[in-house]
Amino acid sequence: MEITGTSKIMFVLADPVDHVRASAVLNAYFAEIGEDLATSPLAVRPRDLGTVVDAIRCMGNVVGFGVTIPHKVAIMPLLNEVTNRARMIGAVNFVRRSRDGWLVGDNLDAPGFLAGLDAHGCSVEGKRVLQLGAGGAGRATAMAIAEAGAAELRISNRDEARGHALADAVQALFPATRVSAGPAPPEDFDLIVNTTPLGMKPGDAVPAEIGGIASSTVVYDIIVNPPVTRLMDAACARGAVTIGGKAMLDAQMALVATFIKQ
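Position one of the sequence shown corresponds to residue 921 (this note's numbering), numbered consecutively onward.
Here is the structure:
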């Protein structure tokens, strides 16, 4: 990749940055479509987030930035504007910078999540779904699952109060889906979605014991790196269909390209 003074720049804000793969995928995608744009991860501690955002406002060749763990919720009050979708979800994962430094946040996790599912011939309509996690990405996937017509959504989160709060918010917006929170046997569900960071590190525990699931179950782990997590390995051992986070990330590339050009 040749980066010059005419290149447009994007960042991916995270802490830590070891797991970030979005920059590589974005760079490959933009090179493929002939866009002179380069993306790099930035290690940003939570206490420094405001300082970094203010600095980006002053960087004339920066067209935007991605946002990942742990900044997707904290970034919102630091922006000039957020889309209706991001406001509904309560989290942002991409920000567009205008020439005058105006920052607009959107959440492309939700449409990317559904597109990744669709690419594998799967759907949530009428399905019973168990979601693990209720963080920034979990808010997006929960809203997407309910909006796409799931019959039931169960949210299991380590912080149960946070899980119940998300369940209540989703239920209020999408009353046709039965939404609840708390631990539940994975074998009772058609689709299991992991939105927690458990699985990024080699020593991580499996976010759920899925030894009893059927081969008809779909397990969707939105972690991108590693491409195959321990949860996915366990699902494969049961003959279940598995989808990794790259499917969701790949689906967002065209969405990002359109968003930053608006």
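No residue lacks a Cβ here, since even glycine has one placed at the ideal position from N, Cα and C.
Note that this is a predicted model, so its numbers are computed, not measured.
- Secondary structure at Ala1011: coil, using DSSP grouped into helix, strand and coil.
- In the three-state DSSP reduction, Asp1141 falls in the strand class (E or B).
- Where Ala944 is concerned, the enclosing alpha helix (DSSP H) starts and stops at Ala942 to Glu952.
- Unbroken beta strand (DSSP E) runs of no fewer than 3 residues, entirely contained in the stretch 957-1007, are found at 957-963 and 982-987, following chain order.
- Cβ contact annotation for Ile1065 (same chain, cutoff 6 Å, sequence separation greater than five): Val1044, Val1049 and Leu1073, in chain order.
- The beta carbons of Ala1039 and Ile1009 sit about 21 Å from each other, so the pair does not count as a contact at 8 Å.
- Around Asn1027, the same chain offers Arg1005, Ala1006, Ile1009, Ala1011, Val1012, Asn1013 and Ala1060 as residues with beta carbons nearer than 7 Å, after the five sequence neighbours per side are excluded.
- With distances taken between CA atoms, Gly1021 lies nearest to Asn1000 out of Gly1041, Gly1036 and Asn1000.
- Between Ser1135 and Ala1154 a beta carbon distance of about 13 Å is seen, past the 8 Å cut, so the two are scored as non-contacting.
- Using a C-beta cut-off of 8 Å, the stretch 1114-1124 makes no contact with the stretch 1096-1103, since fewer than three inter-stretch Cβ pairs fall below that distance.
- Between Leu1151 and Val1138, the C-beta gap is not smaller than 8 Å, which leaves the two residues out of contact.
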